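Number of protein chains: 2
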Amino acid sequence: MNTFTEENYLKAIYHLSLQSGSVSTNQIAASLSTKAASVTDMLKKLAEKELINYTKYQGVTLTSPGEKIAISIIRKHRLWEYFLVEKLNFKWDEVHDVAEELEHISSKDLIDRLDDFMGHPKYDPHGDPIPDSSGKFKTHELKPISALAANEIGVVSGVREHSPAFLQYLEKVQLIIGRKIKVIEINDYDHSVILLVEDKKIQISREVANNLLITR
Amino acid sequence: MNTFTEENYLKAIYHLSLQSGSVSTNQIAASLSTKAASVTDMLKKLAEKELINYTKYQGVTLTSPGEKIAISIIRKHRLWEYFLVEKLNFKWDEVHDVAEELEHISSKDLIDRLDDFMGHPKYDPHGDPIPDSSGKFKTHELKPISALAANEIGVVSGVREHSPAFLQYLEKVQLIIGRKIKVIEINDYDHSVILLVEDKKIQISREVANNLLITR
DNA sequence: TAAAATATTTAGACTGATCTAAATTTATTA
DNA sequence: TAATAAATTTAGATCAGTCTAAATATTTTA
Ligand SMILES: [Mn+2]
Ligand SMILES: [Mn+2]
Ligand SMILES: [Mn+2]
Ligand SMILES: [Mn+2]
């Protein structure tokens, strides 16, 4: 098996790839709060194991075995988050750090049984899709609230930012996963948005509108 | 916090202390499948942190902070084992290795919530006591079946050996935790024991009789 | 109680993961 | 396109945990 550290690198590369295709040394260093020199060392090791495609100075992509490992870590992370929220009554802003540890527990049998126990959930507490036992998953079509025009409606289905502060704020104003919303008005000047949520009007900033994702 | 490795050393020292008081370098090395020289290195580090009392060549004991950590690891190990058996339908011979990983998840909040979720179990699947949130626990009075005379009765309440082979054997002959047993006859020659279990007579070897613990 | 056996520690080396500082390559921009 | 800036890699060090082989201490036993 691979070390914790290798798993964290593969996961970071996977997440970064979703936005940018090929991933740079500095991106990885920033995302793992480490130094570029350390990243280079690890990239050599992962390339040696054929988990990434790496050419000096050119950035990296995951190989298919590398991607498989990354997805299995993400599956574990999201299933554990679901467990913590649904069974142990954690709040959605409290689960990430614990899941960062739990995702490295190696037993595949354990995670598949946990999945059974919870009835094969499709999305984690933050709306992110949970890969199935074979690594397959489908994301729903998400767009930020800021992409809606006045009078358009949607269902809160995900977040673009996972910081506890942002999640706590959303909880406080009841903008939680599954809520139906309707855009009432968009302020031309600062792009803040007034929404109808559960028959109540609330105003959110452009920043929030950019980071809160909806379907439909 | 402490590393994975430090936690394993403290736990090993704790378990060994229960039998022998002060624990030797070689005992620790055997129990962790490592070499005496590595143990000496780690003992120096743990002594430096004041988690053990260590004088060269004289063996070690845990300090009170060291014991507290050891007990917290054991609490986590046993609660996770209980969870795996009761909620995820693992067999009692399948849980140990997974629990060896799970016991190092650091969140105290997590383990206390898991404890709540399961209704504060007092014993793990092998009959071992689960320390409570403050580290307190009481063992019931256990003795091996081999300590019983003919016609004496008891309730299966623990095992002295945790190997999958032994646990599978016990499961097969239904000598599981909670079963009432009665000694019918003890063979003078090989000390094998004939028991009454659920209205059925079964014969167990001296070895099994020594490793299967009962109450009453 | 002195030799022999056993247990333990020390010395020195290796691996994985990390760092800083210096060198090199690639990208930007004047 | 040549100079400058930014990104990346290399060199060399450190730390935790481990090992083997050698040195030293303790225990056993004759
Ligand atoms: Mn998370
Ligand atoms: Mn999540
Ligand atoms: Mn166990
Ligand atoms: Mn157990």
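Chains as they are written, first to last, in the working numbering: chain A, 1 to 216; chain B, 1001 to 1216. Note that the Cβ used here is the ideal one computed from N, Cα and C, for glycine as well. Please read these numbers as outputs of a predicted model, since none were measured by experiment.
- Message: For A/D239, which residues in the same chain have their Cβ closer than 7 Å to its Cβ, ignoring the five residues on either side in sequence?
- Response: With chain A covering 1 to 216 only, the question about residue 239 of chain A has no answer from this structure.
- Message: With H, G and I counted as helix, E and B as strand and the rest as coil, what does DSSP make of B/G1178?
- Response: Taken through DSSP and simplified to helix, strand or coil, B/G1178 comes out as coil.
- Message: Out of A/N8, A/R206 and A/L88, which one is the CA nearest neighbour of A/V193?
- Response: Taking only the C-alpha atoms, the option nearest A/V193 is A/R206.
- Does the beta-carbon distance from A/P144 to A/Y82 come in below 7 Å? At a Cβ-Cβ threshold of 7 Å, A/P144 and A/Y82 do not count as neighbours.
- Query: Is it the case that the CB of A/I104 approaches a heavy atom of ligand 1 more closely than 6 Å?
  - Reply: Here residue 104 of chain A turns out to be His, not Ile, going by the sequence shown. No - ligand 1 has no heavy atom lying nearer than 6 Å to the Cβ of A/H104.
- Task: Return the CA-CA distance between B/M1042 and B/F1090, expressed in angstroms with no decimal places.
- Result: C-alpha separation (whole angstroms): 34 Å.
- Query: Could you check where the beta strand (DSSP E) with B/Q1203 kicks off and where it finishes?
  - Reply: Segment K1200 to I1204, the beta strand (DSSP E) holding B/Q1203.
- Closest residue to A/H126 among A/L114, A/R113, A/S157 and A/A149 (Cα-Cα distance): The residue with the shortest Cα to Cα distance from A/H126 is A/S157.
- Query: According to DSSP, is A/I111 helix, strand or coil?
  - Reply: Helix at A/I111.
- Query: Below 8 Å, can you find three or more Cβ-Cβ pairs linking the segment 70 to 87 of chain A to the segment 105 to 117 of chain A?
  - Reply: Segment contact: the segment 70 to 87 of chain A against the segment 105 to 117 of chain A, three or more CB-CB distances shorter than 8 Å; contact assigned.
- Query: Counting only beta-carbon atoms, is A/V98 nearer than 7 Å to chain B?
  - Reply: Residue-level contact by beta carbon holds for A/V98 and chain B, with a gap shorter than 7 Å.
- Message: Please classify B/K1011 as buried or exposed, where buried requires at least 16 other C-beta atoms within 10 Å of its C-beta.
- Response: Its Cβ being crowded by 16 or more others within 10 Å, B/K1011 is buried.
- Please report the residue range of the alpha helix (DSSP H) in which A/Y14 lies. For A/Y14, the enclosing alpha helix (DSSP H) covers residues F4 to S20.
- Distance, A/L51 Cα to B/H1162 Cα: Going by the C-alpha atoms only, they are around 38 Å apart.
- Query: How many angstroms separate the CA atom of A/A149 from the CA atom of A/L142?
  - Reply: Each residue's Cα considered, the two are about 15 Å apart.
- Is A/E81 near ligand 2, going by C-beta to nearest heavy atom under 6 Å? Yes, the Cβ of A/E81 comes within 6 Å of a heavy atom of ligand 2.
- Message: If you reduce the DSSP assignment to three classes, tell me which class A/T34 lands in.
- Response: Coil at A/T34, not helix or strand.
- 8 Å Cβ shell around A/M220 - same chain, five flanking residues per side excluded: Residue 220 of chain A is absent from the model: chain A starts at 1 and stops at 216.
- Message: Does B/N1026 pass the burial test, meaning 16 or more other C-beta atoms within 10 Å, or should it be called exposed?
- Response: Counting every other CB atom within 10 Å of its CB across the protein chains shown gives B/N1026 a total below 16, marking it as exposed.
- Query: What residue range is occupied by the uninterrupted alpha helix (DSSP H) comprising B/S1064?
  - Reply: Run containing B/S1064: S1064 to E1086, per the alpha helix (DSSP H) assignment.
- Could you round the C-beta distance between A/I202 and A/V173 to whole angstroms and report it? I think they count as a contact, below 8 Å. Yes, they are in contact, since the Cβ atoms of A/I202 and A/V173 sit about 5 Å apart, within 8 Å.
- Whose Cβ in chain A lies nearer than 7 Å to the Cβ of B/F1166? Going along chain A, no residue has its Cβ under 7 Å from B/F1166, so there is no contact; the nearest lies around 21 Å.
- Task: Starting from A/K224, find everything on chain B with Cβ-Cβ shorter than 9 Å and list it in chain order.
- Result: Nothing can be reported for residue 224 of chain A, as the shown portion of chain A is limited to 1 through 216.
- Message: Measuring only the C-alpha atoms, how far is B/T1034 from B/I1013?
- Response: Rounded to whole angstroms, the separation of the alpha carbons of B/I1013 and B/T1034 is 14 Å.
- Item | Nonlocal neighbours in the same chain, by C-beta distance under 6 Å from A/I71, ignoring five residues either side | Within the same chain, and ignoring the five residues on either side of A/I71 in sequence, the residues whose Cβ sits closer than 6 Å to its Cβ are P131 and G135.
- Message: Taking the alpha-carbon of B/N1002 as reference, which of B/R1216, B/L1062, B/Y1169 and B/G1066 has the nearest alpha-carbon?
- Response: The shortest C-alpha separation from B/N1002 is found at B/G1066.
- Give, in chain order, every unbroken run of the beta strand (DSSP E) that is at least 3 residues long and sits entirely within the segment 122 to 182 of chain A. Runs of the beta strand (DSSP E) inside the segment 122 to 182 of chain A: 153 to 159.
- Message: With a threshold of 6 Å (Cβ to nearest heavy atom), would B/H1015 be considered close to ligand 3?
- Response: No.
- Closest residue to A/A99 among B/I1105, B/Y1169 and B/D1128 (Cα-Cα distance): Comparing Cα-Cα distances from A/A99 to each of B/I1105, B/Y1169 and B/D1128, the minimum goes to B/I1105.
- Task: Report yes or no: is there a C-beta of chain A within less than 7 Å of the C-beta of B/I1111?
- Result: Output row for B/I1111: interface = no.
- Task: Say whether chain A places a C-beta atom closer than 7 Å to the C-beta of B/L1088.
- Result: Chain A contact via Cβ: present.
- Message: Please list, in chain order, the chain A residues whose beta carbon lies closer than 8 Å to that of B/L1114.
- Response: Chain A residues near B/L1114: L88.
- Message: At the 7 Å Cβ level, is A/E81 part of the contact set with chain B, yes or no?
- Response: Under the 7 Å criterion on CB atoms, A/E81 is classed as non-interfacial with respect to chain B.
- Query: Which bits of chain A does B/L1102 rub up against, with CB to CB less than 7 Å?
  - Reply: By Cβ distance, chain A contributes I105.
- Message: Measuring only the C-alpha atoms, how far is A/E185 from A/L195?
- Response: Taking the straight line from one Cα to the other gives about 7 Å.
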